[in-house]
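Read the structure below first, then the notes.
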Amino acid sequence: MGADSEEKRVGVFICHCGLNIAAVVDVKKVAEWVRKLPHVVFVRENIYTCSETGQAQIYQDIKEHKLNRVVVASCSPRMHEPTFQKVLEKAGLNPFLFEMANIREQCSWVHGHDKESATLKAFDLIRASVSKVVRDEPVEKIRQEVKKEALVIGGGVAGMNAALLLANAGIKTHLVEKNPSIGGHMAMLDKTFPTLDCSICILGPKMVEVGKHPNINLITYAEVIDVEGEVGNFRVKVRKKPRYVDVDKCVACGDCAEKCPVKLPDEFNRGMTIRKAIYIQLPQAVPAAYLIEEEHCLRLKTLKKGGKEVCGLCLKACERDAINFDDKEEIIELNVGAVIIATGFEIYDPSQEPKYGYRRFPNVVTQLDFERILNADGPTKGELRRPSDNKPIKRIAFIQCVGSRNEREKGAGRYCSRVCCMITAKQAFMIKEHEPDVEVYVYYIDMRTAGKGFEEFYQRGRKEGITFLRGKPGKIEEDPETHNLILVAEDMDTGVLLKNEVDMVVLATGLRPPQGLVELAQKFHLSRSEDGFLMEAHPKLRPAETPIDGVYLAGCVQFPKDIPDSVAQAGNAAANALGLLSKDYIEMTPLHPVIDLEKCIGCGLCEINCPYKAIRVVKTEKGKKAEVIEIACKGCGVCGASCPEGAIEMKYYSDKGIEAMIDALLEKKEVEV
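Counting the sequence shown from 1 gives a position; our numbering is that position plus 40.
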């Protein structure tokens, strides 16, 4: 017997929810009215329908009264719809022959002052649900095979940890990093707070492990350019830029760089040292190989313009034949079941606030610049010397919240970047360790030290003689002869206006979303927060997941974090990915729309508006037509609402079902309270 011709036998279960509903809605009277509705053959009141007893009662009543449709009138379907659908499945009914009427949030909780209206409204909502459920049709679940490989985008500490967790679990993992080496910002740090561990001592072994792991395919100097597919079956194209040096042959001896005549600012040392056009990003680079930067190499620039071969000194210097000027860009196609995005952050550019003089005054630096000065492998080999004249530092000032907690300046964030205060506390403490006689001043509005051992570390710094001044300088001026910096600020604790001359100023710059994140978010159809970071599926319960199934977040791409929090979220993301990749297939509820190809004109509005990348326009024998990617669809209905031809109808929320609900809500009530 078909769904249309079978007798509709609806059972309605009305919940008291203790007194949450029953204290306002007259449940007995509503039950009396509902019994008179067409197709309703059974009605029961429950004190707590969601309880084990309540669920068992529904199961028993379905069997005993031969119910083939069920309506539960209780709380929000967001709470317990899956609970009751499982009861239907257990009883042998299709779980989509079920409706929930929300008579708690939409009646008793909002109309507590008017019990009569709440009671009438509860009846209306139940009547509308009954009208829809008799028109519902069974929906069968669909299966999607899972490709047991993963992609991690970003090779910082979060991305590396996620990749290692997946690889150690036996999952083939592709790690894509845009820079020539993995390591991220952590590789640039000297020490980590609050334990003052050597940063590269922690990170270096991880980098080597990633580079040598048999289950990790490391793709550096590359970027994702295209994404297709859906959970369990993503098809990703990666553009790998030519290095012009054979990674397998290069032993990083540096002979090539010694001969190269081109000198450039070294980005790794924040422009305070020079490198060559052929270089290695950092001494501990993975892969441990040099590369040639095409836009600065004399030979490659000339050949690109059609000129003759010039220079080539590196080619002559390399005894291992590792230089390859014929190297080409490569497009790599990956097929993976899950993706973890861990593309990190960028440092706020304080030159956007001219008052601080960054890039105008050589002795005004950022925290990351100063990190390289403190580093034994940095521009001053770890000695406390200022950039302008290499003189020893005797007096130094830190200014907090540059680019954070600021709504006025262009490019600044309204949020707290979470790590800047502790970085300042760490760097100030390290100065005192290096040179106890150096005077250290910290200008701040609030010092935020929320973390394990953070407050103790901050207080320890105070005891070492670091001066904390509550207030921020309005601007920085430079003495043109000495290059000393002059700061004027009000001490908000005393109300005294203080003028301070120092050798150097360190700006505690905030963390910003990385360049290219907008384009990457568009490729994966991900939303971004008001601040530009990627949005999680739920801030409390699903912080490492995204609304797109199979795509996860790790590290600062979601919001500023310190190293432990980034690693923790990487573990969360990897665990979620493993949960998916451990299955041979995933079973999904097909809430996708049905497309009337006769009505569809292939305009593409549905494809543009779909937030889940679940519908696309394809060429057919009848012209351009919309096509649904069933496994990716969430059943939100945006496509149906945006279709100008009415060619799209939702499978579970059909037009006839919705229209029946509207008619029931507008129908005159033949009841009295």
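Using N, Cα and C, we set each Cβ at its ideal position, and we do this for glycine too. Quick caveat: nothing in here was measured; it's all calculated off a predicted structure.
Excluding five sequence neighbours on each side, which residues of the same chain lie with their C-beta closer than 6 angstroms to the C-beta of residue i?
i: A352; result: The amino acid occupying residue 352 in the given sequence is Gly; Ala does not appear at that position. Closer than 6 angstroms at Cβ, skipping near neighbours: R339.
i: D266; result: K277
i: F373; result: For the sequence presented, residue 373 should be read as Glu rather than Phe. Result list for E373: K277, in chain order.
i: N108; result: R49
i: V657; result: G642, G644, E647, K664 and A666
i: K395; result: K515
i: A654; result: I669, A672 and C673
Would you mind working out which of the options sits nearest residue i, comparing C-alpha positions?
i: E47; options: V173, M140 and M532; result: V173
i: V81; options: T89, I54, V50 and T93; result: V50
i: P282; options: Y261, C296, G294 and G269; result: Y261
i: R568; options: V546, K76, R510 and F599; result: F599
i: V442; options: I433, R435, G453 and I436; result: G453
i: E479; options: T489, I506 and Q499; result: I506
i: V52; options: H79, A63, L59 and V64; result: H79
i: Q324; options: S239, E647 and C300; result: S239
i: G152; options: E349, Q95, A62 and E638; result: A62
i: C90; options: K69, M119 and I102; result: M119
i: Q184; options: Q407, N273, E638 and Q562; result: N273
i: Q407; options: D389, A416 and R510; result: D389
i: Q146; options: S157, F138 and F136; result: S157
i: V64; options: A162, N134 and A328; result: A162
i: A666; options: N255, G642 and W73; result: G642
i: L645; options: M701, W73 and G686; result: G686
i: I166; options: A71, E541 and G501; result: A71
i: D101; options: V83, I516 and P117; result: V83
i: G514; options: E530, T235 and K503; result: E530
i: K181; options: A610, I626, D703 and E707; result: I626
Per DSSP, what kind of secondary structure is residue i in: helix, strand or coil?
i: Y625; result: strand
i: H120; result: helix
i: G418; result: coil
i: D695; result: helix
i: V526; result: Residue identity check: residue 526 is Ile in the sequence provided, not Val. The answer is strand: DSSP assigns I526 an E or B state.
i: F508; result: strand
i: Y481; result: strand
i: N219; result: coil
i: S114; result: strand
i: E139; result: strand
i: H214; result: strand
i: P245; result: helix
i: C643; result: coil
i: E521; result: coil
i: T232; result: strand
i: D703; result: helix
i: R435; result: strand
i: C238; result: strand
i: K356; result: helix
i: R548; result: The amino acid at residue 548 is misidentified as Arg; the sequence shows Ala. Correct three-state label for A548: strand.
i: N273; result: strand
Report all residues from its chain with a CB closer than 7 angstroms to the CB of residue i; omit the five preceding and five following residues, and keep chain order.
i: M41; result: Note that M41 scores a pLDDT of 39, beneath 50, so its modelled location is shaky; the value from the coordinates is reported in the next line. So the list is empty, once near-sequence residues are dropped.
i: G680; result: P633, I688, E689 and M690
i: R412; result: M228, N309, R310, M312, G418 and P419
i: L414; result: D230, G422, Q467 and M470
i: E268; result: R275
i: L243; result: V197, G223, M226 and A227
i: I754; result: The structure shown does not extend to residue 754, since the chain is modelled only from 41 through 713, so no value can be given for it.
i: V350; result: L338, R339 and T342
Excluding five sequence neighbours on each side, which residues of the same chain lie with their C-beta closer than 8 angstroms to the C-beta of residue i?
i: H336; result: V302, L304 and A317
i: N430; result: T420
i: H56; result: A62, V67, E85, N86, I87 and Y88
My understanding is that residue i touches residue j, with C-beta atoms under 8 angstroms, so please give their C-beta distance in whole angstroms.
i: I320; j: Y330; result: 5 angstroms
i: F497; j: F233; result: 6 angstroms
i: L77; j: V170; result: 5 angstroms
i: V607; j: N201; result: 5 angstroms
i: C460; j: A548; result: 4 angstroms
i: C596; j: F410; result: Wrong, their Cβ atoms sit about 20 angstroms apart, outside the cutoff.
i: N403; j: V545; result: 7 angstroms
i: C296; j: C358; result: 5 angstroms
Compute every distance between the C-beta of residue i and the non-hydrogen atoms of the ligand NAP, then say whether any falls below 6 angstroms.
i: C358; result: In the structure shown, the ligand NAP is absent, as is every other ligand, since no ligand is present at all.
Should residue i be flagged as near chain B, meaning a C-beta pair shorter than 7 angstroms?
i: A416; result: Here chain B cannot be found, since the structure has a single protein chain.
Practice prompt. Count the C-beta pairs between the segment 113-120 and the segment 142-155 that are closer than 8 angstroms, then say yes if the count reaches three, no if not.
Written response: yes
Worksheet item: Within the chosen definition, does the segment 185-202 reach the segment 374-387 through at least 3 CB pairs nearer than 8 angstroms?
Response: yes
Worksheet item: Are the segment 582-601 and the segment 546-556 touching, with three or more C-beta to C-beta distances below 8 angstroms?
Response: yes
Worksheet item: Is it true that the segment 468-485 meets the segment 422-441, where meeting means three or more beta-carbon pairs spaced less than 8 angstroms apart?
Response: yes
Item to complete: Specify whether the segment 620-632 and the segment 665-679 touch according to this definition: at least 3 beta carbon pairs, one from each stretch, less than 8 angstroms apart.
Response: yes
Fill in: Cβ contact check for the segment 573-585 and the segment 611-627: 3 or more pairs under 8 angstroms
yes
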